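Keeping their order, the protein sequence lines are chains R and P. Those letters in the first sequence? Residues 1 to 193, per the numbering used here, in order. Those letters in the second sequence? Residues 1001 to 1193, per the numbering used here, in order. Beta carbons are placed, not taken as given, at the ideal position from N, Cα and C, and that holds for glycine. Owing to the predicted nature of the structure, the values given are computational and were not obtained by experimental measurement. Data block below; observations after.
Protein chains: 2
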Amino acid sequence: MEDATVALLHAELSVAEHVIADQENIVAMSRQVEEAALRLLALQQPVARDLRTVVGAIHVAADIERMGALAAHVAGISRLRHPDCALPGDVRDRFTEMGEKAVRLARIAQEVLLSRDPEQAALLRDKDDAIDTEHRRLFTLLIDQQWQSSVCSAVDVALLGRYYERFADHAVEIGRRVVFEATGGLPQSKQMA
Amino acid sequence: MEDATVALLHAELSVAEHVIADQENIVAMSRQVEEAALRLLALQQPVARDLRTVVGAIHVAADIERMGALAAHVAGISRLRHPDCALPGDVRDRFTEMGEKAVRLARIAQEVLLSRDPEQAALLRDKDDAIDTEHRRLFTLLIDQQWQSSVCSAVDVALLGRYYERFADHAVEIGRRVVFEATGGLPQSKQMA
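Below is the structure:
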């Protein structure tokens, strides 16, 4: 998503193509995780916390795969509009901000996966709220007849906003899984996302 | 999604609210599936095809949960624009069509879950292509400067199109899982969705 945001902000075709091509590798890795998890379940027959960790890994791989798909969507819009920039000038700063926040969230999710620290995982939710706020501001701009650019741009911006928001949701979901594994408590999902 | 489409086409507030409220039940059922699957894995320690079926159920529950969320998004846009209709006249037929196709796809997915018939599951992919075609036609309309309505409408229509498309993708994903369970072959996902 970091690269996809660079591609988006600077209309960098080669970066966009790299992001799109890289998605295949993420899909392949996600399949490997699922195969490994099935093997572990069959051969080791884990229980309790170990079992939750293995099933959690299947979910987390699916989340990361979707995050890769969403980054590829951002890159896809950038490629589609090349050599123009997909973003009108007045929303560039918004996307710079959303991109930074989304990537920061993904990095925290990555750290949480390594640390397995439920308190750090809980932080993800607050950071996600910041992205939701950005996203709402973007929609206000699109909808309150202040929009100066084309309908085509508005559609791109609406979808791009959605992709960043969903990317952030998946990062939060990864944190939610880590809490679930640690506590065995029922994870609360962000239902309306 | 059938109800959400009624709410969307006819600006029926009570139907929209019912769809949105019902999402909670789908989330609760999805949690129950996951709990039951974890219990099965811990207590019965299934292997081979049984193991794939149990892990498959966890994925399918997640897909159905997302389908519920997407239907609630459609209903949410309908509620947001009430008492107006969120759809300008010239795209009503498109959404009638997309709604019917999406619901038909979900019903096939439901039948496939019961029949576990991989040949029937393969049919889902063709039906999904029909929705993708509708979705592309919708975007052509939005983007080729033929759009007669407001920017706000264009944004609604773009997001609605995306929600129907993703709903259909999840139905196909359910079919893909059934094939995986039957054959043990690596499922091919629709990577770019």
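For Ile-58(R), the chain P residues whose Cβ falls inside 9 Å of its Cβ are Val-1055, Ile-1058 and His-1059, in order along the chain. Annotation: the segment 1027-1090 of chain P contains no complete segment of the beta strand (DSSP E) (minimum length 3 residues).
The beta carbons of Val-178(R) and Arg-81(R) sit about 37 Å from each other, so the pair does not count as a contact at 8 Å. Every candidate alpha helix (DSSP H) stretch fails here, since none sits fully inside the segment 1093-1125 of chain P while reaching 4 residues. Straight-line spacing of the CA atoms in Val-47(R) and Thr-96(R) works out to 44 Å. With contacts defined as CB atoms closer than 7 Å, Ala-1072(P) and Ile-1058(P) fail to qualify as a contacting pair. For Asp-1144(P), there is no enclosing alpha helix (DSSP H), as DSSP marks it with neither H nor E. Straight across, the Cα-Cα distance linking Asp-63(R) with Arg-79(R) is about 24 Å. A check of alpha carbon separations from Ala-1182(P) across Leu-1114(P), Ser-1153(P) and Glu-1024(P) identifies Leu-1114(P) as the nearest.
Not a single CB atom of chain R sits nearer than 7 Å to the CB of Cys-1085(P).
Shortest Cα-Cα distance from Ala-1061(P) to any of Val-1103(P), Asp-1050(P) and Ala-1109(P) involves Ala-1109(P). The C-beta distance from Leu-9(R) to Arg-92(R) rounds to 6 Å, short enough to fall under 8 Å. Our two residues, Asp-126(R) and Val-1015(P), have alpha carbons roughly 33 Å apart in a direct line. Under a criterion of Cβ atoms nearer than 8 Å, the residues of chain R adjacent to Ile-1143(P) are, in order, Val-151, Cys-152 and Val-155. The beta carbon of Gln-1023(P) sits closer than 6 Å to those of Gly-1068 and Ala-1072, all from its chain and outside the five residues before and after it, given in chain order. Taking C-beta atoms under 8 Å as the contact rule, Leu-1160(P) and Ile-1077(P) qualify, at a distance of about 6 Å.
Here Thr-53(R) is buried. Its C-beta has 16 or more other C-beta atoms within 10 Å.
By the rule that beta-carbons nearer than 7 Å mark a contact, Ala-1021(P) does not touch chain R.
One alpha carbon belongs to Tyr-1164(P), the other to Gly-1099(P), and they sit about 7 Å apart.
The closest CA to that of Ala-1106(P), considering only Val-1055(P), Gly-1184(P), Arg-1166(P) and Trp-1147(P), is found on Arg-1166(P). In the three-state reduction of the DSSP assignment, Glu-181(R) falls in the helix class, which pools H, G and I.
Arg-1052(P) reaches chain R at Leu-38, counting residues in chain order whose Cβ is nearer than 8 Å. Per DSSP, the unbroken alpha helix (DSSP H) holding Ala-1007(P) starts and ends at 1002-1010.
At a cut-off of 7 Å between beta-carbon atoms, Ala-11(R) makes no contact with chain P. Neighbours of Ala-1158(P) across chain R, judged by C-beta separation under 7 Å: Val-155, Ala-158 and Leu-159.
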